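A.B. asks: Residue numbers (the working numbering): 2 to 95. Idealized CB from N, CA, C, for every residue including glycine. These numbers were taken from a predicted model, which means no experiment stands behind them.
(1) Quick check: the Cα distance between residue 35 and residue 49, rounded to an integer number of angstroms?
(2) Work out the CA separation of residue 12 and residue 62 for me, nearest whole Å.
(3) In angstroms with no decimal places, state the Cα-to-Cα distance between residue 81 and residue 66.
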């Protein structure tokens with residue numbers, strides 16, 4: 002009985018997005034094709050795309066170098082510990 006209830010809940014959760022969608026609306030006749038804009042674009046209607054792309058790439062590079070630095074420091078710690086263990090094994094100490 003519990004398995005059946007769990008199966009019904011999963012089916013319900015999987016069906017929810019399909020039930021929540023609205024039926025497709027047919028576009029108006031004027032929207033059937035691309036119409037280029039010939040008028041100048043107002044400055045308040047634009048986004049500073051080069052600035053946003055630069056900030057995004059800068060953020061990615063900072064995160065990448067931070068991760069690489071973290072891996073390097075952890076690897077150096079492991080190498081030091083391995084050297085210490087090798088010295089202890091070579092001298093016969095525990």
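C.D. replies: Reading off the structure:
(1) Counting from one through the chain shown, the residue named residue 35 turns up at place 34. Counting from one through the chain shown, the residue named residue 49 turns up at place 48. In this structure, the CA atom of residue 35 is about 24 Å from the CA atom of residue 49.
(2) If you number the chain shown from 1, residue 62 lands on position 61. If you number the chain shown from 1, residue 12 lands on position 11. Distance between the alpha carbons of residue 62 and residue 12 is about 42 Å.
(3) As a working mapping, residue 81 is identified with position 80 in the chain shown. As a working mapping, residue 66 is identified with position 65 in the chain shown. Distance between the alpha carbons of residue 81 and residue 66 is about 22 Å.
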